[in-house]
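First residue of the sequence shown? That's 37 in our numbering, and the numbers climb one at a time after it. We put the CB at the ideal spot given by N, CA and C, even for glycine. Since we're looking at a predicted model, the values are computed, not measured. Data first, discussion second: the structure below is written as structure tokens.
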Amino acid sequence: MEPAGASDSPSAGRGRSSGGAYGLLTRAFSLIRGRLAVPGRVPRVTTGSGSATSGPHAAQPAAPTPATRSAGRLVVLVSGTGTNLEALLAAHDDEAFGGRVVAVVSDRPDIRALDIARAAGVPTAVVALRDFADRAAWDAALTEAAAVFSPDLVVLAGFMKLVGRPFLDRFDNRIVNTHPALLPSFPGAHGVRDALAYGVAVSGCSVIVVDGGVDAGPILAQEAVPVLPDDDESSLHERIKVVERRLLVDVVGRIAREGLTVDGRHARIGG
Ligand code: GRF
Numbered sequence: 037m038e039p040a041g042a043s044d045s046p047s048a049g050r051g052r053s054s055g056g057a058y059g060l061l062t063r064a065f066s067l068i069r070g071r072l073a074v075p076g077r078v079p080r081v082t083t084g085s086g087s088a089t090s091g092p093h094a095a096q097p098a099a100p101t102p103a104t105r106s107a108g109r110l111v112v113l114v115s116g117t118g119t120n121l122e123a124l125l126a127a128h129d130d131e132a133f134g135g136r137v138v139a140v141v142s143d144r145p146d147i148r149a150l151d152i153a154r155a156a157g158v159p160t161a162v163v164a165l166r167d168f169a170d171r172a173a174w175d176a177a178l179t180e181a182a183a184v185f186s187p188d189l190v191v192l193a194g195f196m197k198l199v200g201r202p203f204l205d206r207f208d209n210r211i212v213n214t215h216p217a218l219l220p221s222f223p224g225a226h227g228v229r230d231a232l233a234y235g236v237a238v239s240g241c242s243v244i245v246v247d248g249g250v251d252a253g254p255i256l257a258q259e260a261v262p263v264l265p266d267d268d269e270s271s272l273h274e275r276i277k278v279v280e281r282r283l284l285v286d287v288v289g290r291i292a293r294e295g296l297t298v299d300g301r302h303a304r305i306g307g
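Right, dumping it as structure tokens:
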């Protein structure tokens with residue numbers, strides 16, 4: 037992450053149709069475009085089958101956020117290669133998983149994660165910081181880009197920016213993040229590098245509920261990965277990511293089926 041990290045339209049899941057996904061997309065585009073500060077540079081809101089370019093639609097209020105709820109609609113935020121997204125997409129085709137990725141939102145264009153989403157027919161939105169006058173405008177646009185897909189749960193899967201207060205307030209206790217270290221040790225953008233530099237014998241990954249801190253929210257699940265004598269940042273990270281993908285899919289699926297309860301520092305799946 038940077039500086040360190042990380043309703044009612046069920047037809048938004050796939051493809052382009054006039055009343056469902058396409059309507060949501062045009063509404064997302066309209067909302068984002070309304071906040072653009074740089075003329076001529078518009079965040080892209082596309083599906084695998086084309087671009088949404090217009091459509092005056094009103095914003096809808098966010099649903100209230102009970103402490104426990106099921107999480108069928110998943111919006112996934114990405115910044116990079118998207119192997120975690122890939123794992124979620126592989127899982128969501130199975131109805132037993134309980135959740136479905138209804139949209140993918142990125143802060144960067146031209147990343148592999150977007151290609152993966154488009155290939156799966158999942159709507160995508162790009163909300164790049166450079167397209168906005170300041171961080172507050174970007175925060176607002178990011179929030180709307182996710183909100184328009186009415187997520188029950190937002191999954192930060194390799195999203196390398198901190199989400200701001202508007203985003204946290206909108207999706208209170210409904211955002212999870214995955215981190216490639218055993219928190220609370222080694223938070224931030226370089227968790228693997230920092231753990232190696234410290235000289236740990238065991239590292240791993242954590243899935244947490246996102247709060248206002250840097251990788252500081254309540255921990256949902258963790259799994260250890262041993263450090264090998266010849267490990268460098270890349271080799272250790274790749275081994276962690278194998279475990280991380282499985283853990284993330286497991287946690288998200290369980291939340292989708294059973295709900296999520298957050299009580300101060302403690303989070304648990306189910307009621
Ligand atoms: C993951 O290890 C995540 O924890 C970290 O960046 C990596 C993203 O991987 N923040 P990918 O983009 O899902 O392949």
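Listed in chain order, the beta strand (DSSP E) runs fully inside the region 274 to 300 are 296 to 299, counting runs of at least 3 residues. Rounded to the nearest whole angstrom, the CA to CA distance from Val238 to Arg109 is 35 angstroms. Going by DSSP, Gly240 is part of the beta strand (DSSP E) stretching over 238 to 245.
Taking C-beta atoms as the reference points, Asn209 and Val250 fail to come closer than 8 angstroms. Leu283 and Ala193 have their alpha carbons spaced roughly 12 angstroms apart. Residue burial is scored here from C-beta neighbours: Arg201 has fewer than 16 other C-beta atoms within 10 angstroms and is therefore classed as exposed. Counting along the chain, the unbroken beta strand (DSSP E) around Leu192 starts and ends at 189 to 192.
Using a 10 angstroms sphere on the CB of Gly295, the tally of other CB atoms reaches 16 or more, which defines it as buried. The residue among Arg304, Asp299, Lys277 with its C-alpha nearest the C-alpha of Leu256 is Arg304.
Arg290 counts as buried, since at least 16 other C-beta atoms from the protein chains shown sit within 10 angstroms of its C-beta. Val250 sits in coil when the DSSP states are folded into three classes, being neither helix nor strand. Non-local beta-carbon contacts of Ala123 in its own chain, meaning distances under 8 angstroms to residues more than five positions away in sequence, involve Arg281, Arg282, Leu284, Val285 in chain order.
A distance below 6 angstroms between beta-carbons, with the five flanking residues on each side excluded, links Phe133 to the following residues of its chain, in chain order: Ala127, Gly289. The C-alpha of Trp174 is placed about 22 angstroms away from the C-alpha of Ala153. DSSP places Ala225 outside both helix and strand once states are collapsed to three, so it counts as coil.
Proximity to Leu198 across Leu165, Pro216, Ala169 peaks at Leu165, based on C-alpha coordinates. Here Val212 is buried: its Cβ has 16 or more other Cβ atoms, across all protein chains shown, within 10 Å.
Contact check for Phe195 against Ser115 passes: the beta carbons are separated by less than 8 angstroms. The three-state reading of DSSP puts Pro220 in coil, since its state is none of H, G, I, E or B. Counting only residues of its own chain and dropping the five nearest sequence neighbours on each side, Arg144 has a CB closer than 6 angstroms to the CB of Ser115.
Under a 10 Å Cβ-count criterion, Asp188 is classified as buried, with 16 or more other Cβ atoms of the shown protein chains found around its own Cβ. Nearest in C-alpha terms to Gln258, of all of Leu264, Cys241, Pro265, is Cys241. The beta carbon of Val111 sits closer than 6 angstroms to the beta carbons of Ala139, Ala182, Phe185, Pro187, Val190 from its chain, once the five residues preceding and following it are set aside; these are given in chain order.
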